[in-house]
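See below for the structure under consideration.
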Amino acid sequence: MKLNYYQVVFEEDREKEEISTEKNDNFEDIDSILGIKKREYKKDQSVKHYEFDLDIYEDIYEVSSTMQSLVKEGKKYLPIFDKLYKDIFLLLYKYEPFIYKEERMKPTSIINNRIIRNLAQTEDLQDLRKNCSLDELNSAIGCEIIGKKAVKIAKKWNQDQEKEKEQSEAINKGNNPHHNDQKTLSDLLVEMQEAEDRIKDLSQEKQELEENIENLKNNTSDLSEEDMKNKIQEIDEELENMEKQADNLEEELSDKLEKSEEDIENLSKEMAEAFNEAEKEVREATSYVKDWGLGDKPNKSSKISFSDKAEALERIRKSKKLKELSDIIGRFKESALKDQKNKHKDGAVAIKSVRIGNDIIHTLPSEKMLLINETTKKEFYRKFNQKQLLQYELESDKLKAKGPMVICIDMSSSMKGIKEKWSKAVAIALLEIAQQQKRNFAAILFNEDATEPIIIEKDKKEPEKILDIAERFDGGGTLFETPLQKALEVIEQSKFKKADIVFITDGHSYTHPDFINKFNKLKDEKEFKVLSVLIYVGGKIGNIESLQLFSDDIMTIGELAELEDANSVIAHKIFKSV
Numbered sequence: 098m099k100l101n102y103y104q105v106v107f108e109e110d111r112e113k114e115e116i117s118t119e120k121n122d123n124f125e126d127i128d129s130i131l132g133i134k135k136r137e138y139k140k141d142q143s144v145k146h147y148e149f150d151l152d153i154y155e156d157i158y159e160v161s162s163t164m165q166s167l168v169k170e171g172k173k174y175l176p177i178f179d180k181l182y183k184d185i186f187l188l189l190y191k192y193e194p195f196i197y198k199e200e201r202m203k204p205t206s207i208i209n210n211r212i213i214r215n216l217a218q219t220e221d222l223q224d225l226r227k228n229c230s231l232d233e234l235n236s237a238i239g240c241e242i243i244g245k246k247a248v249k250i251a252k253k254w255n256q257d258q259e260k261e262k263e264q265s266e267a268i269n270k271g272n273n274p275h276h277n278d279q280k281t282l283s284d285l286l287v288e289m290q291e292a293e294d295r296i297k298d299l300s301q302e303k304q305e306l307e308e309n310i311e312n313l314k315n316n317t318s319d320l321s322e323e324d325m326k327n328k329i330q331e332i333d334e335e336l337e338n339m340e341k342q343a344d345n346l347e348e349e350l351s352d353k354l355e356k357s358e359e360d361i362e363n364l365s366k367e368m369a370e371a372f373n374e375a376e377k378e379v380r381e382a383t384s385y386v387k388d389w390g391l392g393d394k395p396n397k398s399s400k401i402s403f404s405d406k407a408e409a410l411e412r413i414r415k416s417k418k419l420k421e422l423s424d425i426i427g428r429f430k431e432s433a434l435k436d437q438k439n440k441h442k443d444g445a446v447a448i449k450s451v452r453i454g455n456d457i458i459h460t461l462p463s464e465k466m467l468l469i470n471e472t473t474k475k476e477f478y479r480k481f482n483q484k485q486l487l488q489y490e491l492e493s494d495k496l497k498a499k500g501p502m503v504i505c506i507d508m509s510s511s512m513k514g515i516k517e518k519w520s521k522a523v524a525i526a527l528l529e530i531a532q533q534q535k536r537n538f539a540a541i542l543f544n545e546d547a548t549e550p551i552i553i554e555k556d557k558k559e560p561e562k563i564l565d566i567a568e569r570f571d572g573g574g575t576l577f578e579t580p581l582q583k584a585l586e587v588i589e590q591s592k593f594k595k596a597d598i599v600f601i602t603d604g605h606s607y608t609h610p611d612f613i614n615k616f617n618k619l620k621d622e623k624e625f626k627v628l629s630v631l632i633y634v635g636g637k638i639g640n641i642e643s644l645q646l647f648s649d650d651i652m653t654i655g656e657l658a659e660l661e662d663a664n665s666v667i668a669h670k671i672f673k674s675v
């Protein structure tokens, strides 16, 4: 059966398919042929996963204070909330979530299994998963929204149970009430969890002692063989008692869950109400990630860490200015990349080297062979997910090594508004081109002074610096010499020639002749170009002569529409010039 990527698979449905296939193929696996009985382990998590899935979750959990506080709060009201939260993440993140049958679950995880099964059957989950599947950041965001709702619901449910318990104890005061009636579901879960943990510890201790007896010659323990055998006997006795206790608790828990069936269903429905809010938040995050270039490109080895993405996204959400810039930056970047693609589409392409990533088109045939076998297919998915597939690195003969791209942006008071937005959008679009061309990038913001260059090296992802470029605006007057001097310093540090300076301003400035001579001399030596853009929207064109002293080309913008259009003639000229 062909599955859409957002579909969820239930174990019982998969078993029906496999039974049907086996009837047709008359196929027996090796265990069946050899008569080996597979040992069944009860599951903690309802959603099937591999170690690398848990590694992804743990890495996110480790850096997310929101997730940590939610899980801590949730466990106050539902002791197995940490496992539920993890299941919700896996349900959103996994490409094809596979949900185990209830009988495969540990007694303490049955309630989670029922909740996850209910959530998995809601139509809204499909919409949410479209943006979450195999996306760590979106899955974490969706999980947080649902998790917040789940904590509120669990808290209320726990309070209701405590009230019922108090009322029951008050009614039965002086009598001998049934033990189960005086315990809440949380009480039983805690006791059952403690019993499961103790049984696990005892079993492990027994196994270690048995291994020591087997290898007594190499044993460094102070215990003799007889002591160890006595210890094993004691463990066996305690294990027997603990297993009986666990059986009794399991029966009580099963009875409690049966009585709580309607509550669990209602709890699931209330949690599912958060799907629409989560989908809206995830969609917004997806848009910001795309606009600001926070995503991981399949043919690039550099990857933005989850914490850097999350911090950048939070900063964008909290900043009115950054949110307003998002759309225009997204449009200008798209226009810039199209221009670069058209510029280089006729260049011959050769294999440069082999690198790692998850670009399927350029993946080596030896890696694709992993997909043939069911066992090795898991390894392919792991490599794809972690961007570790071996793939060809291609190079166009037109993309030769060039010096840095330096953008000088006027942030004097007169630039405030649409002129600033346009300048920042062009700058960040040019950053995208610089990274595509494997060039270092520097932004210098200036008024009568200039900031230190904000440098983003090739193949490096530094969202914090990108947001600094976009957000900073000091106002003040205009002087050209300081930013040009700082641009020279950046270029002089590069071993490559043919750098580009894009100088954006709406004013003019006196620049000392000695500096102009020095600047132009170095320009010839290092073979770099200067493209200046003079914006005079809403006024007369400024003194263009002050730009002509150091520029190779000057473009002027006099119409407001040109500042709002990512596909304007001026925008295309700038993007094609570098």
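Under the numbering used here, the first residue of the sequence shown is numbered 98, with each subsequent residue one higher.
All C-beta atoms in this analysis are idealised placements derived from N, C-alpha and C, irrespective of residue type, glycine included.
None of the values given here were measured: they were computed from a predicted structure.
Answer with buried or exposed for Gln-258, where buried requires no fewer than 16 other C-beta atoms within 10 angstroms of its C-beta.
buried
Quick one: what does DSSP say Glu-293 is sitting in, helix, strand or coil?
helix
Touch test, the region 577 to 591 against the region 540 to 556, Cβ-Cβ under 8 angstroms, three pairs minimum
yes
Under three-state DSSP, which class holds Asp-110?
helix
Within the region 411 to 488, ranges of the alpha helix (DSSP H) (whole runs, at least 4 residues):
417 to 441, 462 to 465, 471 to 482
On the criterion of 16 or more Cβ atoms from any shown chain inside 10 Å, does Ala-567 qualify as buried, or is it exposed?
Burial call: buried.
Alpha carbon to alpha carbon, how far is Leu-487 from Glu-464? Give it in angstroms, no decimals.
7 angstroms
Who are the near neighbours of Lys-246 in its chain, counting only those whose CB is closer than 6 angstroms to its CB and skipping five residues on each side?
If we look at Lys-246 and ignore the five residues flanking it on each side, its Cβ neighbours are Met-368, Ala-371.
For Thr-629, report the span of its beta strand (DSSP E) as first-last.
Here residue 629 is Ser; the residue named in the question, Thr, does not match the sequence. For Ser-629, the enclosing beta strand (DSSP E) has its first and last residue at 626 to 632.
Are the beta-carbon atoms belonging to Ile-651 and Ser-629 less than 7 angstroms from one another?
Between Ile-651 and Ser-629, the C-beta gap is smaller than 7 angstroms, which places the two residues in contact.
Any idea what DSSP makes of Ala-407, helix, strand or coil?
helix
Do Lys-303 and Ile-268 have their C-beta atoms within less than 7 angstroms of each other?
no
Our contact map puts Cys-289 next to Glu-348 with C-beta atoms below 8 angstroms; I'd like the distance itself, whole angstroms only.
Per the sequence presented here, residue 289 reads as Met, with Cys not at that position. The pair is not a contact, with the Cβ atoms about 11 angstroms apart (cut-off 8 angstroms).
Coil, strand or helix - Met-508 by DSSP:
coil
Beta-carbon separation (whole angstroms), Asp-603 vs Tyr-633, contact threshold 8 angstroms:
Indeed they touch by this definition, with Cβ atoms about 6 angstroms apart.
With a Cβ-Cβ cutoff of 7 angstroms, do Asn-455 and Phe-429 count as a contact?
no
Continuous alpha helix (DSSP H) assignments of at least 4 residues falling wholly in the region 151 to 205:
162 to 174, 178 to 190
Which of the three DSSP states is assigned to Ala-547 in this structure?
Correct three-state label for Ala-547: strand.
Is the region 187 to 195 touching the region 227 to 242 in the sense that three or more CB pairs, one from each, lie closer than 8 angstroms?
yes
Buried or exposed: Tyr-607, going by 16 or more other Cβ atoms within 10 Å of its Cβ?
Under the 10 Å beta carbon count, Tyr-607 is surrounded by fewer than 16 other beta carbons and is classified as exposed.
Just to check my reading of the structure: Ala-596 and Gly-500 have Cβ atoms closer than 8 angstroms, yes? What is that Cβ distance to the nearest angstrom?
3 angstroms
Kindly indicate which three-state DSSP category Val-248 falls into: helix, strand or coil?
helix
Under a three-way DSSP split, which group does Thr-602 fall into?
Secondary structure of Thr-602 (DSSP, three-state): strand.
Boundaries (first-last residue) of the beta strand (DSSP E) holding Ile-654
650 to 654
Proximal residues to Phe-672 (C-beta, below 6 angstroms), its chain only, five neighbours per side dropped:
Ala-433, Asp-436
Report yes if the CB atom of Ile-504 is closer than 7 angstroms to the CB atom of Ala-524, and no otherwise.
yes
Should Leu-657 be labelled buried (16 or more other beta-carbon atoms within 10 Å of its own) or exposed?
exposed
Taking a contact to mean a Cβ-Cβ separation below 7 angstroms, would you say Leu-229 touches Phe-186 in this structure?
According to the sequence displayed, residue 229 carries Cys and not Leu. The answer is no: Cβ separation not under 7 angstroms.
Could you say if the region 334 to 354 and the region 193 to 212 meet the contact criterion of at least three C-beta pairs nearer than 8 angstroms?
With the rule of 3 Cβ pairs closer than 8 angstroms, the region 334 to 354 counts as touching the region 193 to 212.
Three or more C-beta pairs below 8 angstroms linking the region 165 to 180 and the region 210 to 219
no
Tell me, which residues are paired with Ile-553 by DSSP?
Phe-538
With DSSP run on the structure shown, which of helix, strand or coil describes Lys-620?
In the three-state reduction of the DSSP assignment, Lys-620 falls in the helix class, which pools H, G and I.
From this set, Glu-559, Lys-484, Asn-338, Lys-252, which residue's C-alpha is nearest Gly-171's C-alpha?
For Gly-171, the closest C-alpha among the options Glu-559, Lys-484, Asn-338, Lys-252 is that of Lys-252.
Is it the case that the Cβ atoms of Leu-336 and Ile-250 are separated by a distance below 7 angstroms?
no
Note down the Cα distance separating Glu-358 from Leu-419, rounded to an integer number of angstroms.
Approximately 47 angstroms, taken between the alpha carbons.
Using CA coordinates, which residue listed in Thr-472, Phe-477, Phe-538 is at the minimum distance from Pro-462?
Phe-477
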